[in-house]
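So the structure is just underneath, and the comments pick up after that.
Numbering (this note's numbering), first residue to last: 430 to 670.
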């Protein structure tokens with residue numbers, strides 16, 4: 430016959446499978462708690478990102494008052510910004526960093542080229558070349574003959590000579606007439622000869638000056654210049670030069 434105390438002890442013992450399941454649950458809970466709190470080292474980048482995402486989602490969840498009735502629409506609107514803000518860091522880490530693009534060359538403003546105003550200078554009168562007021566060029570040399578004045582000596586001498594010659598012709602009254610004609614002709618011829626002997630020749634020199642004027646110079650003898658020769662005026666007379 431069995432002892433009643435022994436039967437009670439066997440009934441109070443846990444089944445081995447139940448004990449094993451309870452231990453596994455406890456160990457899993459401890460491992461999850463240690464992983465969340467960071468006691469265990471992070472296995473990889475994906476687990477770390479998942480933990481950070483879960484922590485961000487937990488921190489971003491709004492506190493819901495249990496006393497107030499839950500509104501599904503309001504709760505959904507509040508959850509959307511939180512989920513978007515939690516997903517942004519994950520997407521930024523997952524996407525590869527793109528190489529920074531070279532900044533576009535700054536477009537320089539193009540201005541229409543305005544024609545430059547040319548400086549205006551006062552129109553100055555062209556400088557007149559310096560000239561010599563007393564210098565010029567011989568344009569022409571002209572000989573001017575001037576008859577002398579009769580003194581009567583030639584007329585008297587011519588009349589006497591003519592009368593003598595006329596007296597040689599004719600006879601009587603004819604001789605007298607020829608003598609008078611000879612004397613008259615001789616007087617005129619004598620007077621003309623006297624004037625010719627007393628006539629003078631002068632030379633007129635026409636000079637074109639550099640100032641545009643024309644001057645005349647008279648020489649009683651042949652001047653020592655030639656036409657086209659350059660001369661200048663000194664003390665009222667022309668000199669070569």
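Don't be surprised by glycine CBs; every beta carbon is placed ideally from N, CA and C.
Subject >> residue 624 - DSSP class collapsed to helix/strand/coil >> reply: Position 195 of the chain shown, counted from the first residue, corresponds to residue 624. Helix, per DSSP.
Subject >> Bounding residues of the alpha helix (DSSP H) (the contiguous stretch that carries residue 462) >> reply: The count along the chain shown starts at 1 and reaches residue 462 at position 33. That run of the alpha helix (DSSP H) goes 445-466.
Subject >> Contact between the region 635-644 and the region 604-624 (3+ Cβ pairs under 8 angstroms) >> reply: no
**OP:** Report the rounded CA-to-CA distance for residue 564 versus residue 641, giving the unit in angstroms.
**Re:** Counting from 1 along the chain shown, the entry for residue 564 is found at position 135. Counting from 1 along the chain shown, the entry for residue 641 is found at position 212. Approximately 11 angstroms between the Cα atoms of the pair.
Original post:
So residue 595 packs on residue 612, CB below 8 angstroms; how close in whole Å?
Top reply: In the chain shown, residue 595 corresponds to position 166, counting from 1. In the chain shown, residue 612 corresponds to position 183, counting from 1. So it is a contact: roughly 7 angstroms between Cβ atoms.
**OP:** Would you check if the distance between the CB atom of residue 628 and the CB atom of residue 575 is smaller than 8 angstroms?
**Re:** Indexing the chain shown from 1 puts residue 628 at position 199. Indexing the chain shown from 1 puts residue 575 at position 146. Yes, Cβ-Cβ distance for residue 628 and residue 575 is below 8 angstroms.
Original post:
In three-state terms, what does DSSP make of residue 581?
Top reply: Residue numbering aside, residue 581 sits at position 152 when the chain shown is read from its first letter. Residue 581: coil per DSSP, three-state reduction.
**OP:** Could you check if residue 598 is buried or exposed, using at least 16 other CB atoms within 10 Å of its CB as the buried criterion?
**Re:** Taking the first residue of the chain shown as position 1, residue 598 is located at position 169. Its Cβ having fewer than 16 others within 10 Å, residue 598 is exposed.
Subject >> Through-space distance from residue 465 to residue 450, alpha-carbon basis >> reply: Within the chain shown, residue 450 is the residue found at index 21, counting from 1. Within the chain shown, residue 465 is the residue found at index 36, counting from 1. One C-alpha to the other measures close to 22 angstroms.
Subject >> Reduced DSSP secondary structure (H/G/I, E/B, other) of residue 641 >> reply: Your numbering for residue 641 matches position 212 in the chain shown. Reduced to three states, the DSSP call for residue 641 is coil.
Original post:
Taking the alpha-carbon positions, what's the residue 608 to residue 624 distance?
Top reply: Within the chain shown, the letter at position 179 stands for residue 608. Within the chain shown, the letter at position 195 stands for residue 624. Using only the alpha carbons, I get a separation of about 24 angstroms.
**OP:** My understanding is that residue 632 touches residue 643, with C-beta atoms under 8 angstroms, so please give their C-beta distance in whole angstroms.
**Re:** To locate residue 632, count along the chain shown from 1; it is residue 203. To locate residue 643, count along the chain shown from 1; it is residue 214. So it is not a contact: roughly 17 angstroms between Cβ atoms.
Original post:
Taking C-beta to C-beta, are residue 662 and residue 567 nearer than 8 angstroms?
Top reply: Position 233 of the chain shown, counted from the first residue, corresponds to residue 662. Position 138 of the chain shown, counted from the first residue, corresponds to residue 567. Taking 8 angstroms as the Cβ cut-off, residue 662 and residue 567 do not qualify as a contacting pair.
Original post:
Whose C-beta lies closer than 7 angstroms to the C-beta of residue 440 among residues of the same chain, with five residues either side of it excluded?
Top reply: Sequence index remark: in the chain shown, residue 440 carries index 11 (1-based). Annotation note: pLDDT 47 at residue 440 (below 50); position unreliable, no value reported.
**OP:** Determine the closest residue to residue 651 out of 669, 668, 630 and 666, with distance taken between C-alpha atoms.
**Re:** Start at 1 with the first residue of the chain shown, and residue 651 comes out as number 222. Of the listed residues, the one whose Cα sits closest to residue 651 is 630.
Original post:
Since residue 614 contacts residue 589 with CB under 8 angstroms, what's their CB separation in whole angstroms?
Top reply: Your numbering for residue 614 matches position 185 in the chain shown. Your numbering for residue 589 matches position 160 in the chain shown. That belief does not hold up - the Cβ atoms of residue 614 and residue 589 are roughly 12 angstroms apart, past 8 angstroms.
**OP:** Output the distance between the C-alpha atoms of residue 602 and residue 573, rounded to the nearest integer angstrom.
**Re:** Working through the chain shown from its first residue, we reach residue 602 at position 173. Working through the chain shown from its first residue, we reach residue 573 at position 144. When rounded, the distance between both Cα atoms is 47 angstroms.
Original post:
Is the CB-CB distance between residue 569 and residue 656 below 8 angstroms?
Top reply: One-based indexing of the chain shown puts residue 569 at position 140. One-based indexing of the chain shown puts residue 656 at position 227. Cβ atoms of residue 569 and residue 656: closer than 8 angstroms.
**OP:** Could you check the C-alpha separation between residue 605 and residue 645 for me, to the nearest Å?
**Re:** Within the chain shown, the letter at position 176 stands for residue 605. Within the chain shown, the letter at position 216 stands for residue 645. Near 55 angstroms, if we compare the C-alpha coordinates of residue 645 and residue 605.
**OP:** May I have the straight-line CA-CA distance separating residue 444 from residue 457, to the nearest angstrom?
**Re:** Within the chain shown, the letter at position 15 stands for residue 444. Within the chain shown, the letter at position 28 stands for residue 457. Rounded to the nearest angstrom, the two C-alpha atoms are 20 angstroms apart.
Subject >> Residue nearest to residue 658 in terms of C-alpha spacing, selected from 665, 669 and 460 >> reply: As a first step, residue 658 is located in the chain shown; it is residue number 229 there, counting from the start. The shortest C-alpha separation from residue 658 is found at 669.
Original post:
What is the residue span of the beta strand (DSSP E) that residue 568 lies within?
Top reply: Along the chain shown, one-based indexing puts residue 568 at 139. Taken as a continuous stretch (DSSP letters only), the beta strand (DSSP E) holding residue 568 covers 564-575.
**OP:** Count the other CB atoms, across all protein chains shown, that sit within 10 Å of the CB of residue 584; report buried if there are 16 or more and exposed otherwise.
**Re:** The residue you call residue 584 lines up with position 155 of the chain shown. The residue is buried, with at least 16 neighbouring Cβ atoms inside 10 Å.
Original post:
Is it right to say residue 667 is buried, meaning 16 or more other beta carbons lie within 10 angstroms of its own, or is it exposed?
Top reply: Your numbering for residue 667 matches position 238 in the chain shown. Buried.
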